[in-house]
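Okay, structure first, notes after.
Number of protein chains: 2
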Amino acid sequence: MLDDRKRLVLRAIIDSYIETAEPVGSRTIARKHDLGVSPATIRNEMADLEETGYLQQPHVSAGRVPSDKGYRFYVDTLMEPYVFPGLELRRLQEEISSTQLSPERSIHEAARLLALLTQSISLIVAPSPDQLVFKHLQLVALEDTGILVTLVLHPGVVKNRLIRTKREYSSEQIADVSAALNHKLKGVTYKQLGLTIFSEVIRDFGEIGRALVELILQGLAEDKGEQIYASGTVNILNQPEFRDVDRAIALLEALEQKEHLLSLLGSAAKFSGVQVAIGQENVSSAMQSCSLVTCTYYVGNDVVGTIGVIGPTRMDYARVMAAVEVVSRSLSTLLTDDK
Amino acid sequence: MLDDRKRLVLRAIIDSYIETAEPVGSRTIARKHDLGVSPATIRNEMADLEETGYLQQPHVSAGRVPSDKGYRFYVDTLMEPYVFPGLELRRLQEEISSTQLSPERSIHEAARLLALLTQSISLIVAPSPDQLVFKHLQLVALEDTGILVTLVLHPGVVKNRLIRTKREYSSEQIADVSAALNHKLKGVTYKQLGLTIFSEVIRDFGEIGRALVELILQGLAEDKGEQIYASGTVNILNQPEFRDVDRAIALLEALEQKEHLLSLLGSAAKFSGVQVAIGQENVSSAMQSCSLVTCTYYVGNDVVGTIGVIGPTRMDYARVMAAVEVVSRSLSTLLTDDK
DNA sequence: GTTAGCACTCCCACTCGTTGAGTGCTAAAA
DNA sequence: TTTTAGCACTCAACGAGTGGGAGTGCTAAC
Numbered sequence: 284m285l286d287d288r289k290r291l292v293l294r295a296i297i298d299s300y301i302e303t304a305e306p307v308g309s310r311t312i313a314r315k316h317d318l319g320v321s322p323a324t325i326r327n328e329m330a331d332l333e334e335t336g337y338l339q340q341p342h343v344s345a346g347r348v349p350s351d352k353g354y355r356f357y358v359d360t361l362m363e364p365y366v367f368p369g370l371e372l373r374r375l376q377e378e379i380s381s382t383q384l385s386p387e388r389s390i391h392e393a394a395r396l397l398a399l400l401t402q403s404i405s406l407i408v409a410p411s412p413d414q415l416v417f418k419h420l421q422l423v424a425l426e427d428t429g430i431l432v433t434l435v436l437h438p439g440v441v442k443n444r445l446i447r448t449k450r451e452y453s454s455e456q457i458a459d460v461s462a463a464l465n466h467k468l469k470g471v472t473y474k475q476l477g478l479t480i481f482s483e484v485i486r487d488f489g490e491i492g493r494a495l496v497e498l499i500l501q502g503l504a505e506d507k508g509e510q511i512y513a514s515g516t517v518n519i520l521n522q523p524e525f526r527d528v529d530r531a532i533a534l535l536e537a538l539e540q541k542e543h544l545l546s547l548l549g550s551a552a553k554f555s556g557v558q559v560a561i562g563q564e565n566v567s568s569a570m571q572s573c574s575l576v577t578c579t580y581y582v583g584n585d586v587v588g589t590i591g592v593i594g595p596t597r598m599d600y601a602r603v604m605a606a607v608e609v610v611s612r613s614l615s616t617l618l619t620d621d622k
Numbered sequence: 284m285l286d287d288r289k290r291l292v293l294r295a296i297i298d299s300y301i302e303t304a305e306p307v308g309s310r311t312i313a314r315k316h317d318l319g320v321s322p323a324t325i326r327n328e329m330a331d332l333e334e335t336g337y338l339q340q341p342h343v344s345a346g347r348v349p350s351d352k353g354y355r356f357y358v359d360t361l362m363e364p365y366v367f368p369g370l371e372l373r374r375l376q377e378e379i380s381s382t383q384l385s386p387e388r389s390i391h392e393a394a395r396l397l398a399l400l401t402q403s404i405s406l407i408v409a410p411s412p413d414q415l416v417f418k419h420l421q422l423v424a425l426e427d428t429g430i431l432v433t434l435v436l437h438p439g440v441v442k443n444r445l446i447r448t449k450r451e452y453s454s455e456q457i458a459d460v461s462a463a464l465n466h467k468l469k470g471v472t473y474k475q476l477g478l479t480i481f482s483e484v485i486r487d488f489g490e491i492g493r494a495l496v497e498l499i500l501q502g503l504a505e506d507k508g509e510q511i512y513a514s515g516t517v518n519i520l521n522q523p524e525f526r527d528v529d530r531a532i533a534l535l536e537a538l539e540q541k542e543h544l545l546s547l548l549g550s551a552a553k554f555s556g557v558q559v560a561i562g563q564e565n566v567s568s569a570m571q572s573c574s575l576v577t578c579t580y581y582v583g584n585d586v587v588g589t590i591g592v593i594g595p596t597r598m599d600y601a602r603v604m605a606a607v608e609v610v611s612r613s614l615s616t617l618l619t620d621d622k
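Residue numbers (the numbering used here), protein chains in the order written: chain R, 284 to 622; chain C, 284 to 622.
Below you can see the structure in the form of structure tokens.
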């Protein structure tokens, strides 16, 4: 569709625009990239590229700027993939796993590093309770009528909740219940919990059982907010496209709509590998001039969450995609290894 | 020191400036507040107030703007305290306690509400591990060599950590250790843990004991970052003084220095009641044009943390102070009641 | 002690010409 | 047919100049 020279020109323009955030003129291209043709020829190519929708002109006497279509083509076929130097890779791997022993921490750390690496906003969706498997359930009697419920879920999430009962139970009673419950629920996923199990629990464990079922039904739905997490929000203020404070506010406020974000990232979870949504490809209105790069991460062979980066459409796709890929892989490795 | 009319003028100027963020002229004051004197008289007063340091003039033909000293006087003696309407108060109380049963959540929710209420950045310092008392310690054997340590600390903080041992232990062994440890540590504060206890634990509980001591020594120091928490950072972008993106960035980046923040808020913890640090009174350089309003919160009679609000020196002190006071009290009540 | 009057200051918004980067078109060269 | 030099044209950005307006301080009269 596009001949070789047009591709070269388009790529040169996008590379340059990504770097400088300034509209790119024909002279600049002729000077920086040695295409062996004069600015006039490049102008002709640029006019064609604009006509076919790959470029745009902010105003008639300015240079050209890539359109969403241009970026899409760039990402799909033009750009040169970025490869992290081995050294940096190892340092990264190390930093992620340095927050020893707590998967939740590791996930947060991964988000922080991703934001740092890309100088953009990073998002991370923690494993959804639905997919988790009961690994252990422990009840501990505190003084009075409080019972601490500790749920250990696979992979590596620990949740604590306090429930209160009307009457007091002895530690022994609670230990018994704990053991029995543990036996009943071990290896079951949240999704598999159905009315059958719930009614059995209520029947067999009376007041505690009821409180527990209630906890499970409502308690884990409520923390959708904790399930998604943004890091490095300050970074976008450094991007020239967000020097306009109002635009920055619009985006940042959109990011506080956790459910909204979740659905945004959720749609990427169906595919494997690094996904890119450019500008208008995003449904979210506040993100029409942003791109979203996402990748799922794993425990073993199961997709458990998504990480992503949000930046202006003029982001360094090669670098961001590499960073997302690398962080997702490091995280997967880490979570898989220490189960 | 200041006669009545000067106080009235100063108060009128500060009220007006807080509302409009525009330098205040003599005519404005004469028109809006019925002081029964002409602008010329007010001009004289204003000149005096400037000379004594309560006001400043951005340039000679502009109105006056309060100085830090002016704000200080305003906060200490001039302003009319704001009282929340009962309805709003009850709604607030309700919203804070709606995140049932988890103190950590309540604290986060309090921060969110405080930010919403003041349209500023809210900060919250969660109870420091040092002050916490062991309430319960539970070890649970997971498969392989993993042992889940659940620490229940008073007031209401639950921490989970995973430790790994070289050899496997049976659930019974671990339950025994758990019971013994629990007995030994119950009621002890972190601060009281000394070498004696540590060496006893290591002696009596071997490998698990050593891992545990290590965990306690390093594990709880490491989460200083989790101990302080900012909410509503987007809000300051709406303040006219932060339309300049670079200033906003400077402040926001300062807020990411968790340790720095901790020391900032920590100094307020020595006093009871609502504390205000205005502009230059703050040591932090990024906060020279901001004020910080803080208040400690309690469990029973023990100070366990601090909440605060950061905004431009031109903040609505009456409202912010009331909000901080109210949220801190609600939080204290909540934490105290469900122990 | 207060106030009207007035000269003065200085920011701000606006206009207007200039500059320069960049374009499209045309016609000649390859 | 493609490329390119040349040229007229466009338009944002910048700076200088200008008028208006808000606000002041001072003075003299009340």
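C-beta: ideal position from N, C-alpha, C; glycine also.
Since this is a predicted model, take the numbers as computed values, not measurements.
CB contact flag (residue i, residue j, <8 angstroms)
i              : j              : result
N327 (chain R) : I404 (chain R) : no
I296 (chain R) : R347 (chain R) : yes
L422 (chain C) : V408 (chain C) : no
K289 (chain R) : S299 (chain R) : no
L399 (chain R) : L548 (chain R) : no
E241 (chain C) : R447 (chain C) : This structure gives no information on residue 241 (chain C), because the portion of chain C shown stretches from 284 to 622.
V496 (chain R) : A552 (chain R) : no
D273 (chain C) : I301 (chain C) : Look at the range of chain C in this structure, 284 to 622, and you will see that residue 273 (chain C) is not part of it.
T616 (chain R) : V582 (chain R) : no
V591 (chain C) : P410 (chain C) : According to the sequence displayed, residue 591 (chain C) carries Gly and not Val. No, the pair does not count as a contact, with Cβ atoms beyond the cut-off.
A424 (chain R) : S454 (chain R) : yes
C-alpha distance - residue i paired with residue j, whole-angstrom precision
i              : j              : result
A513 (chain C) : V528 (chain C) : 19 angstroms
S380 (chain R) : G594 (chain R) : 26 angstroms
I499 (chain C) : Y337 (chain C) : 51 angstroms
T629 (chain R) : S550 (chain C) : Outside the shown range of chain R (284 to 622) lies residue 629 (chain R), about which nothing can therefore be said.
E392 (chain C) : H342 (chain R) : 48 angstroms
A531 (chain C) : R526 (chain R) : 11 angstroms
K469 (chain C) : E483 (chain R) : 35 angstroms
F417 (chain C) : I511 (chain R) : 31 angstroms
V557 (chain R) : V609 (chain R) : 10 angstroms
I480 (chain C) : S546 (chain C) : 29 angstroms
Q563 (chain R) : K352 (chain R) : 10 angstroms
A533 (chain C) : T324 (chain R) : 46 angstroms
E334 (chain R) : G319 (chain R) : 23 angstroms
L415 (chain C) : K467 (chain C) : 16 angstroms
E490 (chain R) : Y452 (chain R) : 11 angstroms
L291 (chain R) : M329 (chain R) : 11 angstroms
S611 (chain C) : E377 (chain C) : 14 angstroms
Y354 (chain C) : H437 (chain R) : 55 angstroms
A304 (chain R) : Q522 (chain R) : 9 angstroms
T516 (chain R) : H419 (chain C) : 38 angstroms
S572 (chain R) : F488 (chain C) : 59 angstroms
L544 (chain C) : L434 (chain R) : 33 angstroms
task = Answer yes if the segment 372-380 of chain C comes into contact with the segment 476-486 of chain C, meaning at least three C-beta pairs across the two stretches below 8 angstroms, and no otherwise.
result = The segment 476-486 of chain C vs the segment 372-380 of chain C: no contact.
request  = Give, in chain order, every residue of the segment 526-554 of chain R whose Cβ lies closer than 9 angstroms to some Cβ of chain C.
outcome  = For the segment 526-554 of chain R, the residues whose beta carbon sits under 9 angstroms from a beta carbon of chain C are, in order, R526, D527, V528, D529, A531, I532, L535, E536, L538 and E539.
query = Curious, which full-length alpha helix (DSSP H) runs of at least 4 residues does the segment 408-485 of chain C contain?
reply = At a cut-off of 4 residues, the continuous stretches assigned as alpha helix (DSSP H) that sit fully inside the segment 408-485 of chain C are 454-468.
key: Minimum length 4: unbroken alpha helix (DSSP H) runs contained in the segment 336-390 of chain R   = Fully enclosed alpha helix (DSSP H) runs of 4 or longer: 351-356 and 369-381.
ask   = Would you call the segment 352-366 of chain R and the segment 600-611 of chain R touching, i.e. three or more CB-CB distances under 8 angstroms?
value = Look at the beta carbons and you see the segment 352-366 of chain R touching the segment 600-611 of chain R: at least three pairs across the two are nearer than 8 angstroms.
ask   = Quick one: complete alpha helix (DSSP H) runs, 4+ long, within the segment 286-322 of chain R?
value = Within the segment 286-322 of chain R, the complete alpha helix (DSSP H) runs of at least 4 residues are 287-303 and 309-315.
request  = Report yes or no: do three or more beta-carbon pairs, one from the segment 555-569 of chain C and one from the segment 530-542 of chain C, lie closer than 8 angstroms?
outcome  = With three or more CB-CB distances shorter than 8 angstroms, the segment 555-569 of chain C counts as touching the segment 530-542 of chain C.
message = Short of 7 angstroms Cβ to Cβ, which residues in the segment 422-437 of chain C face chain R?
response = If you check each beta-carbon in the segment 422-437 of chain C against every beta-carbon of chain R, the ones closer than 7 angstroms belong to V423, L425, L431, T433 and V435.
key: Cβ-based contacts, 7 angstroms cut-off: residues of the segment 462-484 of chain R near chain C   = Of all residues in the segment 462-484 of chain R, none has a Cβ within less than 7 angstroms of some Cβ in chain C.
message = What ranges does the beta strand (DSSP E) occupy inside the segment 533-582 of chain R, keeping only unbroken runs of at least 3 residues that lie completely in it?
response = Fully enclosed beta strand (DSSP E) runs of 3 or longer: 558-561 and 573-582.
request  = Select from the segment 577-589 of chain R all residues with a C-beta closer than 8 angstroms to any C-beta belonging to chain C, and list them in chain order.
outcome  = Result list empty, no residue passes.
query = At a Cβ cut of 8 angstroms, what residues of the segment 441-452 of chain C count as close to chain R, listed as they run along the chain?
reply = The segment 441-452 of chain C vs chain R, Cβ under 8 angstroms: V441, N443, R444, L445, I446 and R447.
ask   = What residues in the segment 390-423 of chain R bring their beta carbon closer than 8 angstroms to a beta carbon of chain C?
value = Among the residues of the segment 390-423 of chain R, those with a Cβ less than 8 angstroms away from any Cβ of chain C are K418, H419, Q421 and V423, in the order of the chain.
query = Relative to chain C, which residues along the segment 305-332 of chain R have a C-beta separation below 9 angstroms, given in chain order?
reply = Answer set for the segment 305-332 of chain R: empty.
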